[in-house]
Structures are given as C-alpha cells and as structure tokens.
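Protein chains in written order, with our numbering: chain A, 9 to 124; chain B, 9 to 124. Every residue gets a Cβ at the ideal spot worked out from N, C-alpha and C, and that includes glycine. As the structure is a computational prediction, the values presented were derived from the model and not from experiment.
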DNA sequence: TCAACATTTAGCTAATTGGTTAAATGTCTT
DNA sequence: AAGACATTTAACCAATTAGCTAAATGTTGA
C-alpha cells in the first residue's frame, strides 16, 4: 500500500497505541507468554482452559491482541487457531524502547507543540 | 532489602504490572519521550506547559509514572524536578520482551496433545 | 437433518480511568 | 507577615474496560 509520510507516521502511532493498550492487561500479557512457551500456536479453547475467567472474556482479550496485530487467526474447521506474531511484538515495542537508547538532539522535539 | 525468592518474584510481577499500565496511555508515553529528548530532567511546570490538558491531569500522569519507577522526583525549592529513569524502563520492558527472543524448554511440550 | 461441539457476539453491570475545577500545601520575595 | 508562585490533592463526572450469562454462528459427524 502506498501512503504519504504523514499517513505512515499516523499508522505507526496507531499501531503503538494498540500494542501498548493490549499489553496493559496482565491476562493479555499472560496469554502471549503462554502462547510463546507452547511454540506460538494454540487454539482458542486451549488458551481459554488455562485461565480462570470465562471463555467470552478470554475471547475478547484475544480479539484485542488480534486488533493490535500481536496474534493472527487461522480458522481450521471448528477450531480457531491463534498464532503469536512475536516479530510484530518485538518490532513495535523494541523500536519504541529504542528511543531511550539513542542520544537525541534537543532540537528534534524541542519545537514540537503538544496538542493532545 | 532481603526477601525470599517468591517475594522477589511477586515484586517483579508487580513492577511489570505498574510499568505496562503506566505505558498504556499515550500522554504518559509522550511525557517520557519529551523528557528523554530534553536530557531526562524537567520540572513539573515545563512538562505540564507542553500538554493541552490541565495541570492536575499531567500531575496525576506523573505520579503514575513515579509509582511505576519510570521517573523519580527531586524537590528543589518550590519546583519539583522529575528525573527520567530510562534504565528502569529499559530493564523492565526489555527483560519482558526478551522472553519472546529466547527458545524456551517448554516449547518442547508443543508435541504433546493438549486436550484431554 | 439433528445434535454436539468450538467459539464468538450481544447485552448487561461493576470497577477503573482520565478529565475537569476548586482547595490545599509548601516556598520564595519583599 | 503577605502575597505570588509551583505544584499537588480533593471531589466529582463521563467514558472506557473487564467481567459475567445467555444467545448466536458456524462445523462436524451420525
């Protein structure tokens, strides 16, 4: 998909937003860790059985992870297989974190007016 | 402070929880980025002036960042200087993220049938 | 086609969060 | 001591979130 620099910037901001919101809840972080430990692929049922909350609640957590791009879904018959997208997780969080490694010239952000 | 292994584990979980909750809001991530760009030290006023929301709102965001250990406070006269703790940020988020780099022994369980 | 299965979606409520304005706390200057 | 200054805390309200139960969707197999 072609897009302008500013659209790309907005999309990146949106991605960061979705990812950090998804990571804000302990259950969702836990789901990612469990999926990772089990090789990155699990059915919804296998995930839901590991948690004490109801299936619909886990289902919604999974949807939020999917919206953030941290998992993808592959329907296989009547099972839905969730696939951990650890590359996306690494990229989005890692790149954000990297801002705090680099020396940034003051002039970069100094002129930006916050408007939120 | 001395503590048992399990207490240490609980404290680490608590730290992760606080940090990811703090990072869940765009304004708080923004505050960290601005502080970093300005060298890691800013007064509450200098921070608050950059945002369009009211001072008490920014003040609360700062308190949440402080509770997570991502900033510390140094009172200097009538000014409160906030200090970015980028080491803590790097350590907590980086170590969590690192789980998704490593091959975990549990992934051997992948071949074991889950449902029973 | 019917029933059992795997899972999500709908609809509701309780708890949490983020925003506001007004009052309070503590410091500096004269 | 008085008043300006820097900032937080208190109290309140609106929006969002996370949990639940019940109903719906789509799949498999007799």
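Notebook entry, point to check: Considering only C-alpha positions, which residue in the set A:27, A:51, A:41 is nearest to residue 85 of chain A?
Noted result: Here the question's residue 85 of chain A lines up with position 77 in the first chain. For the residues A:27, A:51, A:41, the minimum Cα distance to residue 85 of chain A belongs to A:51.
Next item on the list: In the DSSP assignment, find the alpha helix (DSSP H) that holds residue 103 of chain A and state where it starts and stops.
Entry: Counted from its first residue, the first chain places residue 103 of chain A at position 95. Run containing residue 103 of chain A: 94-106, per the alpha helix (DSSP H) assignment.
Item checked: Cross-chain neighbours of residue 107 of chain A in chain B, by beta carbon under 7 Å -> Position 99 of the first chain, counting from 1, holds the residue named residue 107 of chain A. Within chain B, the residues placing a beta-carbon under 7 Å from that of residue 107 of chain A are 41, 44, ordered along the chain.
Notebook entry, point to check: What alpha helix (DSSP H) runs, 4 residues minimum, are completely inside the segment 42-96 of chain B?
Noted result: Complete alpha helix (DSSP H) runs here, min 4: 52-57, 63-75.
Margin query: I need the straight-line Cα distance from residue 38 of chain A to residue 80 of chain B, nearest angstrom please.
Written below: The residue labelled residue 38 of chain A in the question sits at position 30 within the first chain. The residue labelled residue 80 of chain B in the question sits at position 72 within the second chain. If you draw a straight line from the Cα of residue 38 of chain A to the Cα of residue 80 of chain B, it comes to about 28 Å.
Checklist line | Cα-Cα separation, residue 129 of chain A to residue 101 of chain B | finding: Within the shown structure, residues of chain A are numbered from 9 to 124, placing residue 129 of chain A beyond reach of any answer.
Checklist line | Neighbour flag for residue 118 of chain B against chain A, beta carbons, 8 Å | finding: The residue labelled residue 118 of chain B in the question sits at position 110 within the second chain. Model confidence at residue 118 of chain B stands at a pLDDT of 42, short of 50, so the residue's coordinates are unreliable and nothing is read from them.
Next item on the list: Report yes if the CB atom of residue 49 of chain B is closer than 8 Å to the CB atom of residue 91 of chain B, and no otherwise.
Entry: Here residue 49 of chain B refers to the residue found at position 41 when the second chain is read from its first residue. Here residue 91 of chain B refers to the residue found at position 83 when the second chain is read from its first residue. Cβ distance < 8 Å, so residue 49 of chain B and residue 91 of chain B count as in contact.
Next item on the list: Tell me whether residue 21 of chain B sits in a helix, a strand or coil according to DSSP, three-state version.
Entry: Looking up residue 21 of chain B in the second chain gives position 13. Residue state for residue 21 of chain B is assigned as helix, using DSSP reduced to three classes.
Checklist line | Interface positions of the segment 18-29 of chain B facing chain A (Cβ-Cβ less than 9 Å), listed along the chain | finding: Within the segment 18-29 of chain B, those residues whose Cβ lies closer than 9 Å to any Cβ of chain A are, in chain order, 21, 24, 25, 28, 29.
Next item on the list: Put residue 109 of chain A into one of helix, strand or coil per three-state DSSP.
Entry: Here residue 109 of chain A is taken as the residue at index 101 of the first chain, counted from 1. Looking at residue 109 of chain A - three-state DSSP - the assignment turns out to be coil, as it is neither helix nor strand.
Margin query: In whole angstroms, give me the CA-to-CA distance for residue 89 of chain B and residue 22 of chain B.
Written below: Translated into the one-based positions of the second chain, residue 89 of chain B becomes position 81. Translated into the one-based positions of the second chain, residue 22 of chain B becomes position 14. Those two C-alpha atoms are separated by around 26 Å.
Checklist line | Proximity to residue 20 of chain B [Cα-Cα], best of B:110, B:54, B:108, B:103 | finding: As a position in the second chain, residue 20 of chain B is number 12, starting the count at 1. A check of alpha carbon separations from residue 20 of chain B across B:110, B:54, B:108, B:103 identifies B:103 as the nearest.
Item checked: Cβ neighbours of residue 63 of chain A in the same chain (closer than 6 Å, five flanking residues each side left out) -> Position 55 of the first chain holds residue 63 of chain A. Only 56 meet the Cβ criterion.
Note to self: Among B:72, B:110, B:97, whose alpha-carbon lies nearest the alpha-carbon of residue 94 of chain A?
What the structure shows: In the first chain, residue 94 of chain A corresponds to position 86, counting from 1. Cα-wise, what sits closest to residue 94 of chain A is B:110.
Notebook entry, point to check: Does the beta-carbon of residue 65 of chain A have 16 or more other beta-carbons within 10 angstroms, so that it is buried, or is it exposed?
Noted result: Start at 1 with the first residue of the first chain, and residue 65 of chain A comes out as number 57. The residue is exposed, with fewer than 16 neighbouring Cβ atoms inside 10 Å.
Item checked: Contact with chain B by residue 62 of chain A, beta-carbon distance below 8 Å -> For the purposes of this step, residue 62 of chain A is taken as the residue at position 54 of the first chain. Cβ-Cβ to chain B under 8 Å: no for residue 62 of chain A.
Next item on the list: Give a yes or no on whether the minimum CB-CB distance between residue 98 of chain B and chain A is below 8 Å.
Entry: Numbered from its first residue, the second chain carries residue 98 of chain B at position 90. At least one chain A Cβ lies under 8 Å of residue 98 of chain B.
Check: Just how far apart, CA to CA, sit residue 105 of chain A and residue 29 of chain A?
Finding: Residue 105 of chain A sits at position 97 when you count from the first residue of the first chain. Residue 29 of chain A sits at position 21 when you count from the first residue of the first chain. Approximately 15 Å between the Cα atoms of the pair.
Margin query: Applying the 10 Å Cβ sphere with the 16-neighbour rule, what's the burial state of residue 18 of chain B?
Written below: On the second chain, position 10 is the one that residue 18 of chain B refers to. Classification for residue 18 of chain B: exposed.
Notebook entry, point to check: When DSSP labels each residue in this structure, what does residue 38 of chain A get in the three-state scheme?
Noted result: Here residue 38 of chain A refers to the residue found at position 30 of the first chain. DSSP places residue 38 of chain A in the helix class (H, G or I) of the three-state scheme.
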